[in-house]
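Here's the structure, in structure tokens; my notes come after.
2 protein chains.
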Amino acid sequence: MAVILIADDEVRIRRLVADFLKRDGHTMLEASNGEEAIRLIEEHGEIELAILDVMMPEQDGFSVLRHIREQELTAKLPVMMLTARAEELDQLHGLQSGADDYVTKPFSPLVLCARVKNLLLRAGKSEDSNAHKFGELDIDEIRHEVRLNGEDIGLTPKEYELMIYFKNNRGIALSREKILNAVWGYDYFGDLRTVDTHIKKLRAKLGEYGSKIETVRGYGYRFEV
Amino acid sequence: MAVILIADDEVRIRRLVADFLKRDGHTMLEASNGEEAIRLIEEHGEIELAILDVMMPEQDGFSVLRHIREQELTAKLPVMMLTARAEELDQLHGLQSGADDYVTKPFSPLVLCARVKNLLLRAGKSEDSNAHKFGELDIDEIRHEVRLNGEDIGLTPKEYELMIYFKNNRGIALSREKILNAVWGYDYFGDLRTVDTHIKKLRAKLGEYGSKIETVRGYGYRFEV
DNA sequence: TTAATATGTTCACCAAATATTCAAAATACT
DNA sequence: AGTATTTTGAATATTTGGTGAACATATTAA
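So the protein sequences, as listed, match chains A and B. Note that the first sequence covers residues 1 to 225 in this note's numbering. Note that the second sequence covers residues 1 to 225 in this note's numbering.
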């Protein structure tokens with residue numbers, strides 16, 4: 001739905017962000033340092049959002065951001081900053097950097113996706129509805145609740161995020177590892193079986209729709225509309 | 001409900017103001033400098049309110065204001081000035097600049113919205129009711145008070161603004177961050193827990209209606225009609 | 001059928017989020 | 001300036017949720 005640049009020197013992070021945003025239908029461009037980021041932004045006229053890591057070789061995120069804001073053509077480009085530490089966050093605030101949003105590492109990919117959605121909405125680039133209805137199952141992201149036959153089923157935070165993840169990936173088999181990385185964050189190293197426990201609870205709360213979360217034996221789970 | 005121009009060289013501020021006023025149903029036009037502001041005002045005959053930053057490239061806010069007042073067609077246009085410093089405020093007063101209202105940066109978006117509403121009311125352009133009644137809970141923006149069973153419950157300024165924010169966003173889950181940005185101002189970076197404290201007090205004063213402010217665990221709060 | 005492996009289920013302990021209280025700091029009022 | 005009020009976030013209490021071990025059950029392979 002949009003062309004997005006991710007600039008970070010860590011391949012792992014780039015891949016992670018790119019993968020998730022690709023799945024939301026975005027076209028991803030990657031840069032491994034600040035210089036490359038600037039080059040891509042200037043060459044491609046169609047970039048609609050830039051995600052910049054603060055710490056990068058050649059030119060750091062602040063420097064790239066400043067450059068973006070100085071150029072007439074890119075001055076209005078929505079920019080999201082990735083910061084590793086609280087101090088950098090302070091710096092962001094203190095300098096009135098002009099970033100539109102910031103996310104501290106480590107982040108949950110889902111949270112990042114949600115914020116990207118938000119930024120694009122603000123920029124008037126996106127139009128998808130935040131409410132999904134599958135039969136009598138309502139996933140309402142505005143109210144931040146899931147209803148069955150009109151009744152809030154009272155999901156806990158993790159259950160809710162799990163639900164959103166499934167909703168965004170319906171019909172796709174998801175390994176426990178993927179789920180853990182998406183919902184718990186990429187640097188979470190807990191037991192894979194924890195996923196099962198949450199699936200169990202989510203299934204129970206979904207009632208008749210519990211069976212919509214299918215077990216993919218030997219792999220993971222899949223949410224079927 | 002009205003066509004409003006926001007002129008400021010900082011994208012962030014323009015976005016912020018535009019977002020909030022759009023949500024109140026206004027149509028927003030944006031200009032990033034004084035020259036552009038004048039051009040838009042002359043081209044669009046239907047602008048009903050102009051919000052001008054004092055510090056802008058090309059032509060500063062005072063200059064734009066003077067231009068507006070000099071032209072027969074726009075002389076009566078309500079104008080709100082945004083000033084960054086107290087000195088500029090002095091200048092505004094001292095020069096009898098002819099602005100209808102002024103807001104100092106940093107401002108709370110809600111305060112700005114309220115003042116815009118006021119200006120439009122004065123100009124006879126707006127007609128929406130400023131009083132909301134939910135059962136025995138009266139939110140009266142004219143009298144600037146909230147009544148329970150007809151009795152003013154004596155909200156403090158922050159509590160009142162919080163209440164208004166909730167009223168304007170009922171049924172929507174609001175993160176602490178959003179609340180802080182909206183009620184405390186866009187550049188306030190205090191403790192998120194502060195929100196809890198104010199919620200606590202507001203809930204107490206709302207009595208039986210306190211429970212209408214629901215906790216959305218792991219996210220924030222939501223006001224239910 | 002049996003063994004091996006994977007998933008389902010339960011539960012007690014631990015972690016995290018929120019509620020509440022409070023006193024210092026900021027602000028407004030006189 | 002002095003007083004009263006409001007705001008704030010630290011400290012503490014309470015509530016709620018997350019976690020993974022343990023055991024049960026189901027599936028698959030041999």
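C-beta: ideal position from N, C-alpha, C; glycine also.
Tell me whether Arg14(B) is buried or exposed, calling it buried when 16 or more other Cβ atoms sit within 10 Å of its Cβ.
Position 14 of the second sequence, counted from the first residue, corresponds to residue 14(B). Buried.
Provide the residue span of the beta strand (DSSP E) that contains Ile68(A), from first to last.
By one-based count along the first sequence, residue 68(A) stands at place 68. Segment 61 to 70 is the alpha helix (DSSP H) holding Ile68(A); no beta strand (DSSP E) there.
Are Asp53(B) and Leu82(B) closer than 8 Å when you measure CB to CB?
One-based indexing of the second sequence puts residue 53(B) at position 53. One-based indexing of the second sequence puts residue 82(B) at position 82. Yes, the pair counts as a contact, with Cβ atoms nearer than the cut-off.
Classify Arg78(A): buried if its beta carbon has 16 or more other beta carbons within 10 angstroms, exposed otherwise.
For the purposes of this step, residue 78(A) is taken as residue 78 along the first sequence, with counting starting at 1. Just to set this straight, residue 78(A) is Pro in the shown sequence, not Arg. Classification of Pro78(A): buried, given that the 10 Å Cβ count is 16 or more.
Reduced DSSP secondary structure (H/G/I, E/B, other) of Phe223(A)
Numbered from 1 along the first sequence, position 223 holds the residue referred to as residue 223(A). In the structure shown, Phe223(A) sits in a strand (DSSP, three-state: E or B).
Note down, in chain order, every chain B residue with its Cβ under 8 Å from the Cβ of Arg122(A).
For the purposes of this step, residue 122(A) is taken as residue 122 along the first sequence, with counting starting at 1. Near Arg122(A) (Cβ distances below 8 Å), the residues of chain B are Arg15, Asp19.
By a C-beta neighbour count over all protein chains shown, 10 Å radius and 16 as the cutoff for buried, is Tyr160(A) buried or exposed?
As a first step, residue 160(A) must be located in the first sequence, where it is residue number 160. It counts as buried.
With a threshold of 8 Å between beta carbons, is Ala37(B) in contact with chain A?
Counting from 1 along the second sequence, the entry for residue 37(B) is found at position 37. Chain A, which has no Cβ nearer than 8 Å to the Cβ of Ala37(B), makes this no.
Is any beta-carbon of chain A found at less than 8 Å from that of Tyr219(B)?
Here the question's residue 219(B) lines up with position 219 in the second sequence. Yes - at least one Cβ of chain A is within 8 Å of the one on Tyr219(B).
Which residues of chain A have a Cβ atom closer than 8 Å to the Cβ of Ile139(B), listed in chain order?
Translated into positions along the second sequence, residue 139(B) becomes position 139. Those do not exist, as Ile139(B) stays about 21 Å from chain A at its closest Cβ, beyond 8 Å.
Give the straight-line distance between the Cα atoms of Asp19(A) and Ile4(A), rounded to the nearest whole angstrom.
Translated into the one-based positions of the first sequence, residue 19(A) becomes position 19. Translated into the one-based positions of the first sequence, residue 4(A) becomes position 4. Their backbone Cα atoms lie some 12 Å apart in a straight line.
Where Arg143(A) meets chain B, residues with beta-carbon distance less than 9 Å
Position 143 of the first sequence holds residue 143(A). Under the 9 Å cutoff, chain B gives Gly171, Ile172, Ala173, Val216, Arg222.
Below-8 Å beta-carbon distance, Arg193(B) vs any chain A residue:
For this step, residue 193(B) is matched to residue 193 along the second sequence. It does not; no Cβ of chain A falls within 8 Å.
Below 7 Å, is the gap between the Cβ of Arg69(B) and the nearest heavy atom of the ligand FAD?
Ligands in the displayed structure: none, and consequently the ligand FAD is not present.
Is it buried or exposed for Val116(A), if we count other Cβ within 10 angstroms and need 16 for buried?
Locating residue 116(A) in the first sequence gives position 116, where the first residue counts as 1. Looking at its Cβ environment, which holds 16 or more other Cβ atoms inside 10 Å, Val116(A) is buried.
Among the residues of its own chain, which have a CB less than 6 Å from the CB of Tyr186(B), if the five just before and after it don't count?
Position 186 of the second sequence, counting from 1, holds the residue named residue 186(B). Cβ within range, chain order: Leu16.
Can you give the Cα-Cα distance for Asp9(B) and Glu136(A), rounded to whole angstroms?
For the purposes of this step, residue 9(B) is taken as the residue at position 9 of the second sequence. For the purposes of this step, residue 136(A) is taken as the residue at position 136 of the first sequence. Those two C-alpha atoms are separated by around 48 Å.
Gly98(A) and Gln59(A): beta carbons closer than 8 Å?
The count along the first sequence starts at 1 and reaches residue 98(A) at position 98. The count along the first sequence starts at 1 and reaches residue 59(A) at position 59. No, Cβ-Cβ distance for Gly98(A) and Gln59(A) is not below 8 Å.
Quick check on Lys76(A) - is its C-beta less than 8 Å from some C-beta in chain B?
Within the first sequence, numbered from 1, the residue matching residue 76(A) stands at position 76. Yes, Lys76(A) lies at the interface with chain B (some Cβ there is under 8 Å from its Cβ).
Would you say Thr104(A) faces chain B, with C-beta separation under 8 Å as the test?
In the first sequence, residue 104(A) corresponds to position 104, counting from 1. Chain B, which has no Cβ nearer than 8 Å to the Cβ of Thr104(A), makes this no.
Helix, strand or coil for Asp196(A)? Go by DSSP, reduced to three states.
On the first sequence, position 196 is the one that residue 196(A) refers to. Looking at Asp196(A) - three-state DSSP - the assignment turns out to be helix.
Hey, is the stretch 185 to 201 of chain B in contact with the stretch 35 to 51 of chain B, meaning 3+ C-beta pairs nearer than 8 Å?
no
Bridge partners - Tyr102(B), DSSP secondary structure assignment:
The residue labelled residue 102(B) in the question sits at position 102 within the second sequence. Paired residues: Met81(B).
One question on the structure: do His26(A) and Ala2(A) come within less than 8 Å of each other, judged by their Cβ atoms?
Working through the first sequence from its first residue, we reach residue 26(A) at position 26. Working through the first sequence from its first residue, we reach residue 2(A) at position 2. The answer is yes: Cβ separation under 8 Å.
Cβ of Arg176(B) less than 8 Å from any chain A Cβ?
Within the second sequence, the letter at position 176 stands for residue 176(B). Taking Cβ atoms only, chain A never reaches closer than 8 Å to Arg176(B), which makes this a no.
What would DSSP say about Arg203(A), mapped onto helix, strand or coil?
Against the first sequence, residue 203(A) aligns to sequence position 203. Helix.
Who are the near neighbours of Glu46(B) in its chain, counting only those whose CB is closer than 8 Å to its CB and skipping five residues on each side?
On the second sequence, position 46 is the one that residue 46(B) refers to. For Glu46(B), where only same-chain residues beyond five positions count, the Cβ hits under 8 Å are Val3.
Amino acids of chain B, ordered along the chain, whose beta-carbon sits closer than 9 Å to that of Asp100(A)
Numbered from its first residue, the first sequence carries residue 100(A) at position 100. Result: Val11, Arg12, Arg15.
Closer than 8 Å to chain B by CB, Pro157(A)
Counting from one through the first sequence, the residue named residue 157(A) turns up at place 157. Output row for Pro157(A): interface = yes.
By a C-beta neighbour count over all protein chains shown, 10 Å radius and 16 as the cutoff for buried, is His144(A) buried or exposed?
Counting from one through the first sequence, the residue named residue 144(A) turns up at place 144. By the 10 Å Cβ count, His144(A) comes out buried.
Mapping the DSSP letters down to three states, classify Leu120(A) as helix, strand or coil.
On the first sequence, residue 120(A) is found 120 positions in, with the first residue counted as 1. DSSP places Leu120(A) in helix when its eight states are reduced to three.
Evaluate Val225(B) with the Cβ neighbour count: other Cβ atoms within 10 Å of its Cβ, from every protein chain shown; 16 or more gives buried, anything less gives exposed.
Reading the second sequence from its first residue, position 225 is the one you call residue 225(B). Val225(B) is exposed by the Cβ-count criterion.
Identify which residue in Gly218(B), Tyr219(B), Phe223(B) has its Cα closest to the Cα of Gly210(B).
Your numbering for residue 210(B) matches position 210 in the second sequence. It is Phe223(B) whose Cα lies nearest to the Cα of Gly210(B).
Environment of Glu36(A) [buried if 16+ CB atoms lie within 10 Å]
Walking along the first sequence from the start, residue 36(A) turns up at place 36. Buried, because 16 or more other Cβ atoms sit within 10 Å of the Cβ of Glu36(A).
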